[in-house]
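Student: Got a structure for you, written out below as structure tokens; questions coming shortly.
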Amino acid sequence: MALDLATYLVFFLILALNYAVLCLGLNLQWGFTGLFNVGVAGFFAIGAYTSAILTGPPRPEAVGGFDLPVLIGWLGGTLAAGVAALGVGWATLRLRHDYLAITTFGIAVTIQLVALNEEWLTGGAFGIEAIPRPLAAWFTSPTQYNLFYLGLTLALVALVFWGLERLVRGPWGRLLRAIREDEVAAASLGKDVRTQRLIAFALGSAIMGLAGAHFATFMGFIAPESFLPVVTFQVWAMLILGGSGNNRGAVLGAILVWGLWSVAGVTVKALLPPDLQVRGAALQVVLIGVVLAGVLLIRPRGLMGEERAISPHTQATATASTAPSSTPASGGPDAR
Amino acid sequence: MMDLVWLTLPQVIANGLLQGSAIALGAIGLTLTYSILRFANFTHGETISWGGYFTLTALAALTPWIGGIGKWGGLTFGWGLVVALGVGVVGASLLALALDRLLFATLRRHGSAITLVIASFGASLALRNLIVFVYGPESVQFTRELVIADRWLGGLVRVTPDQLAVLGLSAALAVGLTVFLRFTTTGRAMRATAENPALAQITGIDTAHVVRTVWVLGAVLATLAGVFIGITAQLRPELGFDLLLPLFAAAILGGIGSVPGAMLGGLIVGLAESAAVEYLHAGYRNAVGFLVLIAILVIRPTGLFAARG
Amino acid sequence: MLALQGLVAGYEPGLPIVRGASLQVADREILTLLGPNGAGKSTLVKAIAGLVPITAGQVHLSGRDITGLGAHRLARAGLGFVPQTENVFTTLSIAENLALAGFFLPSHHQRRRVAAMYALFPDLAERRHTDAGRLSGGQRQMLAIARALIPEPRVVMLDEPSAGLSPKLVQVVFQKLVEIRAQGVTLVIVEQNAKAALAIADRGIVLVEGAPRFVGPAQDLASNPEVARLYLGRRETA
């Protein structure tokens, strides 16, 4: 019993930390740069499929299955998601926030349709099977292997976390926050706002791609239903709960929301008869939705909030700039 | 091959207009709420679904009194549906007002517009899954009656009387709403609030009341869209979700705030979907709205019409 | 007519911009609010108009307490406000702007008021079906003033009516304001253009750091060297 629980806990942590990587990617985009991405599931899918195609065994009915090392797959997945985001971002980042939200949502829907329809590439509804796991031959039992994979996952999260912390605490991070707070002011300082936003968007999406590759390798099997919009929804709930603009908050939020999700799932399974399980599972989403709405209403900064958030200084300037200045519309015609 | 295209084209256009009129009804509601509430409201799709399901529930519950869906001539519905629709409209309006009261009103006061979008995205997923929980994942129909499609243009086009009725009603609604916005005080107050809420208040307009009015109006249009789709096709929990991209595409294509624009935008998206399904790939139907959206955002982000009632 | 007592107002709690303003505006008076940039002139009138939260103090209009009444109630209560910018509905025609302005009046009364405004501003009558967004700066300002006057307010507050207008147009607009006062309307005018405002005003108030610093008859203020040097002079050199 205790062993079962430990096995489950390892499995749970691997997936929770997988979400943590997604959440860190979204935090770079939303928390630090203010880019509203509702297409998380799409970039997650690109990473997963790219890695699966690169590392998987040859498939007679479809292209790909290059049997490459896992590391190549992960790099490929990261790169593919990043490149896709560059294209998408180039077309949409100049748009208003809410248009960016709608278009990224559309991208995720479209990518899911490609996964479903392009059988020659993605295996269609059946997906891709037998995706190899690294060093699988070294371990005798699945539990042992999962323990090893958890270590690998922890190292991955630590690496992404450390890299992002260095980035956002450096000059580039300050520039991103400046762009987020006041795009016009940042542009007037001579900063190429659009390029910086594009880089942040692509980097964040690349991290989501990496999470996808990690997910595909761990599961050993992927199909379109792993990349539904509910993934995007979960990651947003994680980031908002943990506290956007705070990388530790992103990781904490991922673990908490995934915990809540899993407990709700187990409860539904235990309590409801099999024919009502689909309906019951829908309640998981409702629950997370209520949590998301509650956090937005009661504690919009999330559990951790943003570190060195809007300092009292910035807040004062922000107020001054929204205050109705008595400045005339122009010094032109009415100046004598 | 060309011959084949010419032979199928009339039916493709007919299907496109039918699908487009449902999209248009949803898009009109969306464009009105978008212009006054000032955020991309992802829950509008779910209001369409819920409006349809509410009406269906009312129909079942009221059958002992209204005797079922009714029958008007060649149509599969009659007074029964009208009564049930009234209940559905009330249900969807209360749902929209409750969402505003519990969630969006507070966020409007304290948060930014983008917080509202996050909240609406979350709420839409929760609402959709609530449908799955309450009604189950399977699709449901208003009536089991089989209808024979009438043949037009020497048999090239087959359209059911229900479909024709829905098309006509949608067009009438769009015209009626345009007149309402142009010539009534409430309509002008809505346009004024959409353009400049602060000035609207100074002018004496209770903008909070306008906001409630637009939620109700949006819910009424959404319910009609849901029921029209339910009559001509079927209700599914994903109905509203699948409509989101076409709705946004139509609303932005027509210019946010423009009712005729949303109507035309809806028809264009419907025609594009119908053509894509027939000539390209049926599996990508849901991506067509997205492609239209990208095209319009890259070429002319303000839409085809300026935001003018 | 309009009385303020210890008014404190601002956008953020704890960050007041108007800090304890008390003043009385007499019936049929033209009062101008002057002061350096950031003194809180605009915030003061916006607070009275119900657009900025009031945290302390009171506003009375004709003896009635209208503090925190809500912007949409004030037009009915007899208080008009002309904001500095975005003061007309650009997507509505002139006629629609005016029709909306008094929508709560009985319709025959409303029509009479619109006719009166067309008489006061003949330019507007000629272009009544034009979208307000296509008007020139001067015409737009006239429409904004007409809009505020439709419900027959007892007091109209104007936030920088001269902003963005040529000196010649400023004269035209200010002359209209004198006519409007002659019809019995009390005016409160926030102005950067102190010279033009003091020329038509009965009294002036110099607001500094959110509170009145100098109050006096318009001529006295215009000739007060300290006031001129400290607070009015910068427009001359701008």
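Protein chains in written order, with our numbering: chain A, 1 to 336; chain B, 1001 to 1309; chain C, 2001 to 2238. Using N, Cα and C, we set each Cβ at its ideal position, and we do this for glycine too.
Go through its chain and collect everything with a Cβ distance to leucine 198/A's Cβ below 8 Å, but skip five positions before and after it.
Tutor: In the first sequence, the residue the question calls residue 198/A occupies position 198. Leu86, Gly89, Trp90 and Leu93, listed in sequence order.
Student: Would you call the region 54 to 68 of chain A and the region 170 to 188 of chain A in contact, with 3 or more CB pairs under 8 Å?
Tutor: Cβ pair count under 8 Å is below three, so no.
Student: Does histidine 2129/C come within less than 7 Å of chain B when only Cβ atoms are used?
Tutor: In the third sequence, the residue the question calls residue 2129/C occupies position 129. Chain B contact via Cβ: absent.
Student: Leucine 2177/C to leucine 1167/B, Cα distance in whole Å?
Tutor: Locating residue 2177/C in the third sequence gives position 177, where the first residue counts as 1. Locating residue 1167/B in the second sequence gives position 167, where the first residue counts as 1. Near 55 Å, if we compare the C-alpha coordinates of leucine 1167/B and leucine 2177/C.
Student: If you draw a straight line from the alpha carbon of isoleucine 310/A to that of leucine 203/A, how long is it in whole angstroms?
Tutor: Translated into the one-based positions of the first sequence, residue 310/A becomes position 310. Translated into the one-based positions of the first sequence, residue 203/A becomes position 203. Any reading at isoleucine 310/A needs caution, since the residue's pLDDT is 44, under 50, leaving its predicted position unreliable; the model's value is listed next. Near 24 Å, if we compare the C-alpha coordinates of leucine 203/A and isoleucine 310/A.
Student: By Cβ distance, which residues of its chain are closer than 7 Å to glutamate 2152/C, with the 5 residues on each side in sequence left out?
Tutor: As a working note, residue 2152/C is residue 152 in the third sequence. Only Arg2113 meet the Cβ criterion.
Student: Measure the C-alpha to C-alpha separation of leucine 239/A and asparagine 247/A and round it to an integer number of angstroms.
Tutor: In the first sequence, residue 239/A corresponds to position 239, counting from 1. In the first sequence, residue 247/A corresponds to position 247, counting from 1. Cα-Cα distance, rounded: 9 Å.
Student: If we count the other Cβ atoms within 10 Å of its Cβ and call it buried at 16 or more, is isoleucine 1229/B buried or exposed?
Tutor: The residue given as residue 1229/B occupies position 229 in the second sequence. Per the 10 Å Cβ criterion, buried.
Student: Would threonine 55/A and glycine 209/A qualify as a contact pair, given that the criterion is a beta-carbon distance under 7 Å?
Tutor: Residue numbering aside, residue 55/A sits at position 55 when the first sequence is read from its first letter. Residue numbering aside, residue 209/A sits at position 209 when the first sequence is read from its first letter. It is not a contact, given that the beta carbons lie outside the stated cut-off.
Student: Does asparagine 246/A get closer than 7 Å to chain B when you measure Cβ to Cβ?
Tutor: As a working note, residue 246/A is residue 246 in the first sequence. No, asparagine 246/A does not count as interfacial toward chain B.
Student: Beta strand (DSSP E) containing histidine 2060/C: first to last residue?
Tutor: Position 60 of the third sequence, counted from the first residue, corresponds to residue 2060/C. From DSSP, the beta strand (DSSP E) with histidine 2060/C extends over 2054 to 2061.
Student: Helix, strand or coil: how does DSSP classify leucine 5/A here?
Tutor: Counting from one through the first sequence, the residue named residue 5/A turns up at place 5. In this structure, leucine 5/A counts as helix in the three-state DSSP scheme.
Student: Taking all protein chains shown into account, do 16 or more other C-beta atoms lie within 10 angstroms of the C-beta of phenylalanine 126/A, making it buried, or fewer, making it exposed?
Tutor: Here residue 126/A refers to the residue found at position 126 when the first sequence is read from its first residue. Phenylalanine 126/A comes out exposed.
Student: Excluding five sequence neighbours on each side, which residues of the same chain lie with their C-beta closer than 8 Å to the C-beta of leucine 175/A?
Tutor: Counting from 1 along the first sequence, the entry for residue 175/A is found at position 175. Here the set comprises Ala186, Lys191 and Gln196.
Student: Suppose you measure from the CA of phenylalanine 12/A to the CA of valine 263/A; what does that come to, to the nearest Å?
Tutor: Counting from 1 along the first sequence, the entry for residue 12/A is found at position 12. Counting from 1 along the first sequence, the entry for residue 263/A is found at position 263. Their backbone Cα atoms lie some 11 Å apart in a straight line.
Student: On the three-state DSSP scale, how would you describe isoleucine 310/A?
Tutor: Within the first sequence, the letter at position 310 stands for residue 310/A. In this prediction, isoleucine 310/A scores a pLDDT of 44, lower than 50, which makes its location untrustworthy; the coordinate-derived value is nonetheless stated afterwards. The answer is coil: DSSP assigns isoleucine 310/A none of H, G, I, E or B.
Student: Report the three-state DSSP secondary structure of phenylalanine 66/A (helix, strand or coil).
Tutor: Reading the first sequence from its first residue, position 66 is the one you call residue 66/A. In this structure, phenylalanine 66/A counts as coil in the three-state DSSP scheme.
Student: Does isoleucine 298/A have its Cβ less than 7 Å from a Cβ in chain B?
Tutor: Taking the first sequence and counting its residues from 1, one reaches residue 298/A at position 298. No, isoleucine 298/A does not count as interfacial toward chain B.
Student: Since aspartate 343/A meets chain B, which of its residues come closer than 8 Å, beta carbon to beta carbon?
Tutor: No answer is possible for residue 343/A: the residues shown for chain A start at 1 and end at 336.
Student: I want to see whether chain C comes within less than 7 Å of glutamine 1201/B, judged by CB atoms only; does it?
Tutor: The residue given as residue 1201/B occupies position 201 in the second sequence. Chain C, which has a Cβ nearer than 7 Å to the Cβ of glutamine 1201/B, makes this yes.
Student: Locate the alpha helix (DSSP H) running through proline 1197/B, then write down its first and last residues.
Tutor: Locating residue 1197/B in the second sequence gives position 197, counting from the first residue. Looking at the DSSP string, the run of the alpha helix (DSSP H) that includes proline 1197/B is 1197 to 1202.
Student: With a threshold of 7 Å between beta carbons, is asparagine 1015/B in contact with chain A?
Tutor: On the second sequence, residue 1015/B is found 15 positions in, with the first residue counted as 1. Judged by the 7 Å Cβ criterion, asparagine 1015/B is not in contact with chain A.
Student: For the alpha helix (DSSP H) containing aspartate 182/A, name the first residue and the last one.
Tutor: Reading the first sequence from its first residue, position 182 is the one you call residue 182/A. Neither: aspartate 182/A is in no alpha helix (DSSP H) and is coded neither H nor E.
Student: Pick out the complete alpha helix (DSSP H) segments inside the region 2034 to 2101 of chain C, 4 residues or longer, and give them in chain order.
Tutor: Listed in chain order, they are 2041 to 2048, 2071 to 2077 and 2094 to 2101.
Student: Assess contact between the region 108 to 120 of chain A and the region 44 to 51 of chain A, defined as three or more Cβ pairs (one per stretch) separated by less than 8 Å. Is contact present?
Tutor: Output reads yes: the region 44 to 51 of chain A touches the region 108 to 120 of chain A.
Student: Excluding the 5 residues flanking proline 312/A on each side, which residues of the same chain have their C-beta closer than 6 Å to its C-beta?
Tutor: The count along the first sequence starts at 1 and reaches residue 312/A at position 312. A caution first: proline 312/A carries a pLDDT of 38, below 50, which makes its placement in the model unreliable, though a value can still be read off. Within the same chain, proline 312/A has no close Cβ partners at all.
Student: Using only CA atoms, which one of Arg194/A, Leu156/A and Trp258/A lies nearest to histidine 214/A?
Tutor: Within the first sequence, residue 214/A is the residue found at index 214, counting from 1. Of the candidates Arg194/A, Leu156/A and Trp258/A, the one whose C-alpha sits nearest the C-alpha of histidine 214/A is Leu156/A.
Student: Between arginine 1236/B and the rest of its own chain, which residues show a CB-CB distance below 6 Å, the 5 nearest in sequence each way excluded?
Tutor: For this step, residue 1236/B is matched to residue 236 along the second sequence. Within the same chain, arginine 1236/B has close Cβ partners Ser1139.
Student: Determine the burial state of alanine 1287/B: buried for a count of at least 16 other Cβ atoms within 10 Å of its Cβ, exposed for fewer.
Tutor: Along the second sequence, read from residue 1 onward, the residue named residue 1287/B stands at position 287. Buried is the call here.
Student: Grab me the residues of threonine 1302/B's own chain with a C-beta within less than 8 Å of its C-beta, minus the 5 sequence neighbours each way, in chain order.
Tutor: Position 302 of the second sequence holds residue 1302/B. Contacts found: Gly1255.
Student: Check whether the Cβ atoms of glutamate 306/A and glycine 220/A sit closer than 7 Å, and answer yes or no.
Tutor: The sequence position of residue 306/A within the first sequence is 306, counting from 1. The sequence position of residue 220/A within the first sequence is 220, counting from 1. Cβ atoms of glutamate 306/A and glycine 220/A: not closer than 7 Å.
Student: Among Asn27/A, Gln29/A and Gly106/A, whose alpha-carbon lies nearest the alpha-carbon of threonine 1249/B?
Tutor: As a working mapping, residue 1249/B is identified with position 249 in the second sequence. Here the sequence assigns alanine to residue 1249/B, which means threonine is not the residue at that position. Of the candidates Asn27/A, Gln29/A and Gly106/A, the one whose C-alpha sits nearest the C-alpha of alanine 1249/B is Gly106/A.
Student: Near threonine 1193/B, what residues of its chain come up, given a Cβ to Cβ distance below 7 Å and the 5 sequence neighbours on each side ignored?
Tutor: For this step, residue 1193/B is matched to residue 193 along the second sequence. Hits under 7 Å: Ile1036, Ala1200, Ile1205, Thr1207 and Val1210.
Student: Below 8 Å on the Cβ atoms is my guess for alanine 1225/B versus glycine 1026/B; work out the distance and round it to an integer in Å.
Tutor: If you number the second sequence from 1, residue 1225/B lands on position 225. If you number the second sequence from 1, residue 1026/B lands on position 26. Rounded, the Cβ-Cβ distance is 4 Å, consistent with contact.
Student: Mapping DSSP to helix, strand and coil, what is phenylalanine 1039/B?
Tutor: For the purposes of this step, residue 1039/B is identified with residue 39 of the second sequence, where counting begins at 1. Note: phenylalanine 1039/B maps to coil in three-state DSSP.
Student: Exposed or buried, what is alanine 2201/C when buried is set at 16 or more other beta-carbons lying within 10 Å of its beta-carbon?
Tutor: Start at 1 with the first residue of the third sequence, and residue 2201/C comes out as number 201. That one is buried.
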